[in-house]
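K.L.:
Below are the structure tokens for one structure; questions will follow.
Number of protein chains: 4
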Amino acid sequence: MVGGGNDAFIGGVHRMAARLDDRYELLAGALSSTPEKARASGEALGLERIYSDFQQMAEAESAREDGIEAVSIVTPNHVHCAAATAFLARGIHVICDKPLTSTLDDAHRLVAAAEQSQALFILTHNYTAYPLVRQAREMVAGGDIGSVRVVQVEYPQDWLTEPQDIKQALWRCDPVQAGAGGGIGDIGTHAFNLAEFVTGLEVESLAADLQAFVPGRQVDDNAHVMLRFGGGARGMLWSSQVAPGNENALRIRVYGDKGGLEWVQENPNRLLYTPFGEPQRVITRNGAGAGAAAARLSRVPPGHPEGYIEGFANLYSEAATAIEAARDGTPVPDDVLYPTVHDGLKGVQFVAACVASSRDNAAWVTL
Amino acid sequence: MVGGGNDAFIGGVHRMAARLDDRYELLAGALSSTPEKARASGEALGLERIYSDFQQMAEAESAREDGIEAVSIVTPNHVHCAAATAFLARGIHVICDKPLTSTLDDAHRLVAAAEQSQALFILTHNYTAYPLVRQAREMVAGGDIGSVRVVQVEYPQDWLTEPQDIKQALWRCDPVQAGAGGGIGDIGTHAFNLAEFVTGLEVESLAADLQAFVPGRQVDDNAHVMLRFGGGARGMLWSSQVAPGNENALRIRVYGDKGGLEWVQENPNRLLYTPFGEPQRVITRNGAGAGAAAARLSRVPPGHPEGYIEGFANLYSEAATAIEAARDGTPVPDDVLYPTVHDGLKGVQFVAACVASSRDNAAWVTL
Amino acid sequence: MVGGGNDAFIGGVHRMAARLDDRYELLAGALSSTPEKARASGEALGLERIYSDFQQMAEAESAREDGIEAVSIVTPNHVHCAAATAFLARGIHVICDKPLTSTLDDAHRLVAAAEQSQALFILTHNYTAYPLVRQAREMVAGGDIGSVRVVQVEYPQDWLTEPQDIKQALWRCDPVQAGAGGGIGDIGTHAFNLAEFVTGLEVESLAADLQAFVPGRQVDDNAHVMLRFGGGARGMLWSSQVAPGNENALRIRVYGDKGGLEWVQENPNRLLYTPFGEPQRVITRNGAGAGAAAARLSRVPPGHPEGYIEGFANLYSEAATAIEAARDGTPVPDDVLYPTVHDGLKGVQFVAACVASSRDNAAWVTL
Amino acid sequence: MVGGGNDAFIGGVHRMAARLDDRYELLAGALSSTPEKARASGEALGLERIYSDFQQMAEAESAREDGIEAVSIVTPNHVHCAAATAFLARGIHVICDKPLTSTLDDAHRLVAAAEQSQALFILTHNYTAYPLVRQAREMVAGGDIGSVRVVQVEYPQDWLTEPQDIKQALWRCDPVQAGAGGGIGDIGTHAFNLAEFVTGLEVESLAADLQAFVPGRQVDDNAHVMLRFGGGARGMLWSSQVAPGNENALRIRVYGDKGGLEWVQENPNRLLYTPFGEPQRVITRNGAGAGAAAARLSRVPPGHPEGYIEGFANLYSEAATAIEAARDGTPVPDDVLYPTVHDGLKGVQFVAACVASSRDNAAWVTL
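As they're listed, the protein sequences go chains B, Z, G and W. Going by our numbering, the first sequence opens with residue 1, and the numbers climb by one from there. Going by our numbering, the second sequence opens with residue 368, and the numbers climb by one from there. Going by our numbering, the third sequence opens with residue 735, and the numbers climb by one from there. Going by our numbering, the fourth sequence opens with residue 1102, and the numbers climb by one from there.
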């Protein structure tokens, strides 16, 4: 693991996610950009192979017989590119947090690095691995709602309603570390990715109106985006970090000419499905009405809630299966899905397009 | 009453709303543009004074000693202007369905007619008279959520997901009768009006992307609109008639720098209020946490749901109070609120701006 | 109308309910047991025929050519019997609030009076007239959930959590006016009636544990009751007036060997239906999945909420249809349903059985 | 681990729960009562120390220098006593699934064994370790709802609505393996334990009406129980395995003279709290309004749902802390809570009392 030291949040989530299904072992780490903190954090986790930076770690691990097979990169955004490249160049698989990079240049560089490498690159758009998100995707693909017309996706939070000086907030609001997009990069990319993942459609152009409501904030904390998808579907995306009463209320609604779907991250064990002209159905994770795609990623019976960590763990398990297939030289099963470096590039392009559109008074920008 | 014959929907609602609080008596009607239907419909309601058209009715009633004091106009949109003008010109108060008119020219004409008349003009944006909508408005005005930053308002339906040939659908999808806006005129105006009513802010400009998804439909059945309010707040408005699983899911969320509010028409007896940094509160109609504005418009104890007809009746009662005040030459109490002809003009301007913006590839249009 | 003076609650509801569908006209009243208040209340309603007591009213009205055809009795419980008898004896139809009477003796007396009269007796167990309660009943009768096994019904409130000295509370907590049952009589009878109405089953025996939690209260404010139905179904009934967070949270759940149903009064426009082994469906009032029984009692399209007053008005309209049929000598249509004096007797028997069981340490008592 | 072989359900949950916080290592197992299956299951998990029965395992492990420090027992109920005793007798800590045993005799035997042992005994009433259950307990203890009056607890499921012949169902419906209680033992004990845990009160007596609705079933699949708590509070408990539409809908509501609380397992990240006379508040896990007890057991920010596995893992972590304290000879911190063998005895006594009461026509039985 690179990043994820003592006072980080997402690093701990990655570790729990990796552990849950018992398919990973944490062997080495460069857990902070500050060498002392990297050491202290590594010791706190009982690591034996502690490195002071990712470069050193990539070199040392690739040189060992028993070196790591894969690395998790959970640093602030601006470090992703260099860190991932260091491992990819040495054939070590990379599991990397989103957004892919803080700049579009970095994103292209990282795509090139991934393409040149034999190693896999998995981007943790974790929401794509919730069982009922898979169910929704499968239903759209299977024609259950007909031809998609309208996509409403939103990710409101409230934690940045006032200025915050905790570490989590500081780097996310710093354009150097986070990139030009603030909320649109941190959570808007999740919403964007989810919309494409569930519908199987691609956003072709967008018009964005970004704001920084909190005085002094250098990046957006609220974003309104109109979307045009290939094939004619239209959508709206809203991300906000200043919407009191919303914690992590990622929500997607997809409407086609035969039906509609609705899913909410805060209660992810229910998927609302309405075939046009019939009563709404409540599909539960692993319950009646849920299909193979959801069941494959469920651990416990319906009615026993699974949540954020389980969804994240699903993505780690998908990655594990892909890594094992790579090790064995066998094909990855068709139903194993994970976001790739190309999805990551699209996310960074999405952020860049939103920023560009917003600067041009919400003019349409082609993706 | 003008319009509201046997096969209409909204006329019956107006009649129930007028009856509920026992402040109106239905005396006369020109209930259809077809004389035979006007007669049959009037007889079905037991009316004695049945007219074959609104012109005849306005003349005859204004000539009677015991002529009607107010008229409800519940025809398709394109008739509003002429009908309302006929009564206003004769000093008869007008309660008129929304949108104000089918064209902007008509809207200006009607404003002029109302300004020249001593009679009142009340537009039935009925959602403004739900007790908890009043509560929300009062809370925003009272500073409970601080300075407004973000407004998310939406009104999705699904009844026009497929082509419909019932009367209700036909005139609403006909630009001659409905105006250039389809869904944006029929339900988008409600959402627009509600956003302004609750926040006390005015939309200054908008960018709209309208679609007609159902083949052959001549007016929009889905609209995505970005809003910029005076004072810097931003918003999104979504109206749709092709969103399966939504019946009349009007919903407004308002976020300020101190808190957030959320209200949904389909379950209108709850208002969610989150002071930033505190748990969300569920304010119930007439229950703990609800103030005078909500209590004044409630009839039954909390927990006993009131609904659409009661909300509509509240507006009729507001109108009755204003009419009585006009009759007595006394001022209308401050807490009596109803949408005016000027609100109606703004609604028609909103529709025109959406249509113009959408034709110009969602460019910003000033309201 | 008898009872329902200025400071009463339910009288106003009856009047709105009677007015909503325009099938009643309020002509006369003895609105209070205090003659001055009766007069003042009558004048406030604009009544011309104001009586100082029900006896005088029954005599005078039955003597008039244009006397009232039906009377609403909305007094405290202990007056129901005498008042209803006075009108029934003179052939005037009676619409009477629940519970039927305050004592079992009175209940039997009133049944006898009703049986001897040509006039109709309608008891306002208003919840039976919610459209989706009818839907539920129809579904159970139609076998949609198979053979009923379990019935969970509850009616929690919180308004008597602390001692209250408003009139509404005082008579309800006075055994002389209310009867031996407090909450079990006031709201438990609704729950009991609803359970029988929806399932079509009859409670054969019960075991009840009643409490008066508020110090000094002479009647129960919380009741736990186990139910055994004919045919082998079992149930639980809970009524409470001391459950903070509950306003009028009447809720019924019925489970059979093929499916389950759930309905909640506070959001009465949704009925949850789960065919065993399939996803839960959300049936909306007048929407997809709702049948003729619900549609017949709906006024506005699905998604526009109807509530308590509409449900009450439905019962008044059922009564109106029955009264018209009686007037015309035609049969009442099969789908017209209203609670009768016999249902009322069962309610009073239910209260008596609960009180007796509770006094005998919750022993089983046969109904 | 003892039990939890290839086709078991709960064993896998225990393993994930133990793994999540990285405080356990799975070293040895007797995963099935069938030696071949025990071997196959152990190998599937990559175990090196595989035993064919728990007796052999207890002996061998206690003899090793590096023997296990604690054992998880996840067999059917009738094996708990003997298995746990084997380990306790050798000083190995026991984490055991509920109910404690299948018979009251066994329960007393196991209590004695635990009392004689230095080793700890932890019973996995996992629901007690949900963060918001801890929050609720803390609020009741802190007086937030005043003196407790009413407790409504229920655990409905639907999976046994029809006869099932999967292994999970077969042993649970077999009185030899499960004990005299069917659903009341399997899920009713959870509800009972939760009621006592949250309120801090003890059930003193109960009256139970148990049914086996599915033809041929030898144990209850539905139970209605009235409860009397020490101090005067009253309650109802409902457990059912035949309630279509319920998956694992464990729900508890507690009402005191100052407020009410409600928590539902299927959406465990919300706790509804109503101070009497104020609006209901929605306390979220780790969010505003949640206190130290909930925060201590939360891993991710509010709005990111945690679920069943996390709750289970919390209990494993509580156990780990207690085991470490025992190892170090230090006291267990006050806020570390887990159900003990005595809680387990109470659960078995509860089942026995329910069965006895039901056989005696729901007479009151003292606990």
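Heads up, the beta-carbon is just placed ideally off N, CA and C, and yes, glycines get one too.
Using a threshold of 9 Å, state whether the C-beta atoms of residue 1311 of chain W and residue 1285 of chain W are closer than that.
P.N.:
A contact, by the Cβ cut-off of 9 Å.
K.L.:
Got a sec: is the Cβ-Cβ distance from residue 1409 of chain W to anything in chain G below 9 Å?
P.N.:
Answer no: the Cβ-Cβ gap between residue 1409 of chain W and chain G never drops below 9 Å.
K.L.:
Assuming residue 136 of chain B and residue 198 of chain B make a contact with CB atoms under 8 Å, what is their CB distance in whole Å?
P.N.:
Between residue 198 of chain B and residue 136 of chain B the Cβ distance is about 5 Å, and since that is below 8 Å, they are a contact.
K.L.:
DSSP three-state label for residue 304 of chain B, please.
P.N.:
Coil.
K.L.:
Considering only C-alpha positions, which residue in the set Z:624, Z:631, Z:438 is nearest to residue 615 of chain Z?
P.N.:
Among Z:624, Z:631, Z:438, the Cα nearest to that of residue 615 of chain Z belongs to Z:631.
K.L.:
In the structure shown, what three-state DSSP assignment does residue 895 of chain G receive?
P.N.:
Residue 895 of chain G: coil per DSSP, three-state reduction.
K.L.:
Please specify which runs of the alpha helix (DSSP H), each continuous and at least 4 residues long, are wholly inside the stretch 491–573 of chain Z, giving them in chain order.
P.N.:
The qualifying runs are 498–508, 534–539, 542–545, 556–566.
K.L.:
Quick one: list the residues of chain W neighbouring residue 648 of chain Z, beta-carbon separation under 9 Å, in chain order.
P.N.:
Within chain W, the residues near residue 648 of chain Z are 1379, 1380, 1381, 1382, 1383.
K.L.:
Return the residues of the stretch 1306–1330 of chain W that lie within a Cβ-Cβ distance of less than 7 Å from chain G, sorted by chain order.
P.N.:
Those residues of the stretch 1306–1330 of chain W that come within reach of chain G (Cβ to Cβ, closer than 7 Å) are 1308, 1310, 1312, 1314, 1323, 1325, 1327.
K.L.:
Check residue 1050 of chain G in the structure and name its three-state DSSP category.
P.N.:
Three-state result, residue 1050 of chain G: helix.
K.L.:
Please work out which residues of its chain come closer than 7 Å, Cβ to Cβ, to residue 848 of chain G, disregarding the five sequence neighbours upstream and downstream, and give them in chain order.
P.N.:
Taken in chain order, the residues that qualify are 822, 855, 1075.
K.L.:
Would you kindly check if the distance between the Cβ of residue 457 of chain Z and the Cβ of residue 432 of chain Z is under 9 Å?
P.N.:
No, the Cβ-Cβ distance between residue 432 of chain Z and residue 457 of chain Z is not below 9 Å.
K.L.:
Using a Cβ cut-off of 7 Å, pull out every chain W residue sitting near residue 655 of chain Z, in sequence order please.
P.N.:
Going along chain W in sequence order, the residues near residue 655 of chain Z (Cβ under 7 Å) are 1378, 1379, 1380.
K.L.:
Take the Cβ of residue 1080 of chain G as the centre, count every other Cβ of all protein chains shown within 10 Å, and call the residue buried at 16 or more, exposed below.
P.N.:
Buried.
K.L.:
Have a look at Z:574, Z:471, Z:676 and flag the residue whose alpha-carbon is nearest the alpha-carbon of residue 721 of chain Z.
P.N.:
Cα-wise, what sits closest to residue 721 of chain Z is Z:574.
K.L.:
Where are the alpha helix (DSSP H) runs, 4 residues long or more, that stay fully inside the stretch 205–281 of chain B, in chain order?
P.N.:
If we require 4 residues or more, the stretch 205–281 of chain B turns out to have no alpha helix (DSSP H) run fully inside it.
K.L.:
Note down, in chain order, each residue of its chain lying with its Cβ closer than 7 Å to the Cβ of residue 1386 of chain W, except the 5 sequence neighbours on either side.
P.N.:
Excluding sequence neighbours, residue 1386 of chain W sits near 1232, 1233, 1370, 1395, 1399, 1403, 1407.
K.L.:
Quick check on DSSP: helix, strand or coil for residue 396 of chain Z?
P.N.:
Three-state DSSP puts residue 396 of chain Z in a strand.
K.L.:
Among the residues of its own chain, which have a CB less than 8 Å from the CB of residue 1053 of chain G, if the five just before and after it don't count?
P.N.:
Closer than 8 Å at the Cβ level, and outside the excluded window around residue 1053 of chain G, lie 804, 827, 829, 854, 856, 1072.
K.L.:
What is the DSSP secondary structure of residue 290 of chain B, reduced to helix, strand or coil?
P.N.:
Coil at residue 290 of chain B, not helix or strand.
K.L.:
Indicate whether residue 880 of chain G and residue 992 of chain G have their beta-carbon atoms separated by less than 9 Å.
P.N.:
The answer is yes: Cβ separation under 9 Å.
K.L.:
Identify the residues that DSSP records as bridge partners of residue 34 of chain B: which are they?
P.N.:
Answer is none; residue 34 of chain B lacks a bridge partner.
K.L.:
Identify, in the order they occur along the chain, each residue of the same chain with its Cβ nearer than 7 Å to the Cβ of residue 1168 of chain W, setting aside the five sequence neighbours on each side.
P.N.:
Only 1162 meet the Cβ criterion.
K.L.:
DSSP three-state call for residue 1113 of chain G: helix, strand or coil?
P.N.:
For residue 1113 of chain G there is no data in the structure shown, the boundaries of chain G being 735 and 1101.
K.L.:
Below 8 Å on the Cβ atoms is my guess for residue 445 of chain Z versus residue 469 of chain Z; work out the distance and round it to an integer in Å.
P.N.:
Indeed they touch by this definition, with Cβ atoms about 4 Å apart.
K.L.:
My understanding is that residue 589 of chain Z touches residue 609 of chain Z, with C-beta atoms under 8 Å, so please give their C-beta distance in whole angstroms.
P.N.:
Contact flag correct, Cβ pair sits at about 6 Å.
K.L.:
Determine, for residue 115 of chain B, whether the minimum Cβ-Cβ distance to residues of chain W falls below 9 Å.
P.N.:
Judged by the 9 Å Cβ criterion, residue 115 of chain B is not in contact with chain W.
K.L.:
Considering residue 846 of chain G, what are the terminal residues of the alpha helix (DSSP H) in which it resides?
P.N.:
Looking at the DSSP string, the run of the alpha helix (DSSP H) that includes residue 846 of chain G is 838–850.
K.L.:
Could you have a look at residue 1410 of chain W and say whether DSSP puts it in helix, strand or coil?
P.N.:
Note: residue 1410 of chain W maps to helix in three-state DSSP.
K.L.:
Let me see if you follow: with CB-CB separation under 9 Å, is residue 22 of chain B close to chain W or not?
P.N.:
Yes, residue 22 of chain B lies at the interface with chain W (some Cβ there is under 9 Å from its Cβ).
K.L.:
For the alpha helix (DSSP H) holding residue 419 of chain Z, just list the boundary residues, first then last.
P.N.:
Careful: residue 419 of chain Z lies outside any alpha helix (DSSP H) and carries neither H nor E.
K.L.:
Please work out which residues of its chain come closer than 7 Å, Cβ to Cβ, to residue 693 of chain Z, disregarding the five sequence neighbours upstream and downstream, and give them in chain order.
P.N.:
Hits under 7 Å: 487.
K.L.:
Can you pull the chain W neighbours of residue 1092 of chain G, defined as C-beta to C-beta under 7 Å?
P.N.:
Chain W residues near residue 1092 of chain G: none, gap ~11 Å exceeds 7 Å.
K.L.:
For residue 804 of chain G, report the span of its alpha helix (DSSP H) as first-last.
P.N.:
Element bounds for residue 804 of chain G: not the alpha helix (DSSP H) but the beta strand (DSSP E), 804–807.
K.L.:
Within 9 Å of any Cβ in chain G, is that where the Cβ of residue 1286 of chain W sits?
P.N.:
Taking Cβ atoms only, chain G never reaches closer than 9 Å to residue 1286 of chain W, which makes this a no.
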